[in-house]
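Since the structure comes first, as structure tokens, the remarks are kept for the end.
In the numbering used here, the protein residues as written are 246 to 723.
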């Protein structure tokens, strides 16, 4: 039997406010354990929360960017459960009246554009963090993260493949970063997701029984978890079993999920309105003020790059999704570089260095003028593309311009025909077989010989001059 996978995601994003959601403690990552918490964070008796208005602003901005309706009236609720990282034994969240609802995010699929529904976006506080010492029979708790403001973005079960889930997560991340409400650094836990997966026979309208994988903290892990859970449920059904509704823990190192507990429903949390916080009233003026403050969204930027710069949709989507890459791209084009050439460098060598160095695009130390200068030096023949690939890491390492680096390291392209001819004669003498192939009509030999001359020149010789002079030298040999 063929099965269809049904996927829904619950994305938790920490908001980049200066202080926490209900107190004045600093909201920042890291620091010594339990140094950024107060009586409100750790729920001491008599401590009263005060809502941070910027949290509401950021929640509304996220809702507007994802085409949601914004509630004119909403409230906060106590979600009751006991866990060591939640000292109050409840979390302040939102239940039946969320801040934002009924939106969507557009993603690219193999069949074209697809809207993934957003059920709701609500504000809540984060919990502390348990620290599990390897080999120890105890755990420690760091409450620095307790009270950090979150938005939870709950999707409709509209995704049908791990690839669609990945596209949805990427769209959420790029949108939140673009509007400046979250840094979305998954390695720091500021973007996490819970994955709900079920399977059903193809053609069946009724959903299957779902399971949930908690707190998956990388896109790669999300894809692996979805594939594993899909295959696990299909195996259960094929064996004649029944899929149970449950919460599972994903172990990315092992590539497996493990049962944590049976899945709770809303009534298990015994929600009731938070008595220490007043309801939230949002008027039209507040919403419109935030709407006008929204920057160009990644989806809009992608469309503009295609229409204005004639970039392929793929290039436009990748660059438009990154604040750092999009700024560098536009500055490079403004400095005179051709859009497609700039795009090739951004998505090629620059992205390679970022990945190898585990850096975000925002950490690129040079600006668009410097990249445009590098491109111009290639096009003028001052350096070759090979040399440019040696210059680029130096640009990452310091504050020097491409011209300075080329001059200091003696990387200027060799165009002197006398020097190049000496190298050509040496290469021809050392590669008689390739010369014979060329004389036998195998024109591909010219490419090999060109590469040997480039190697002899340590990448400095002008490849156009090499090709021209090589052909002349080889023809003379005939």
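We put the CB at the ideal spot given by N, CA and C, even for glycine.
Positions of the beta strand (DSSP E) runs, each at least 3 residues long and wholly inside the region 330-398, are given as 335-338, 345-354, 357-370, 374-377 and 384-387 in order along the chain.
Taking C-beta atoms under 8 Å as the contact rule, residue 447 and residue 639 fail to qualify, at a distance of about 55 Å. Residue state for residue 604 is assigned as coil, using DSSP reduced to three classes. For the pair residue 613 and residue 573, the CB atoms are nearer than the 8 Å cut-off.
Distance from the CA atom of residue 616 to the CA atom of residue 553, rounded to whole angstroms, is 20 Å. Between residue 493 and residue 504, the CB-CB gap stays under 8 Å.
Distance check between residue 699 and each of 347, 584, 672 and 281 places 672 closest, using alpha-carbon atoms only.
One alpha carbon belongs to residue 496, the other to residue 502, and they sit about 6 Å apart. Taking a cut-off of 8 Å on C-beta distances, the region 313-324 touches the region 511-528, as three or more cross pairs fall below it. Taking 4 residues as the shortest admissible run, the region 545-601 contains the following complete alpha helix (DSSP H) segments, listed from N- to C-terminal end: 558-565, 568-579 and 584-590. Between residue 439 and residue 457 the beta-carbon gap is near 6 Å, inside 8 Å, which marks them as a contact. Beta-bridge analysis with DSSP links residue 314 to 346. Under the DSSP assignment, residue 471 falls in the alpha helix (DSSP H) whose first and last residues are 464-483. Taken atom to atom, the span from the alpha-carbon of residue 433 to that of residue 368 is near 20 Å. Judged by DSSP in its simplified three-state form, residue 693 adopts helix. Residue range 407-424 is occupied by the alpha helix (DSSP H) that includes residue 414.
Rounded to whole angstroms, the Cβ separation of residue 621 and residue 657 is 14 Å, and the two are not in contact under 8 Å. When DSSP states are grouped into helix, strand and coil, residue 250 belongs to the strand group.
For residue 440, there is no enclosing alpha helix (DSSP H); the enclosing beta strand (DSSP E) covers residues 436-446.
Only buried fits residue 419, as 16 or more other CB atoms lie within 10 angstroms of its CB. Here DSSP, grouped into helix, strand and coil, assigns residue 299 to helix.
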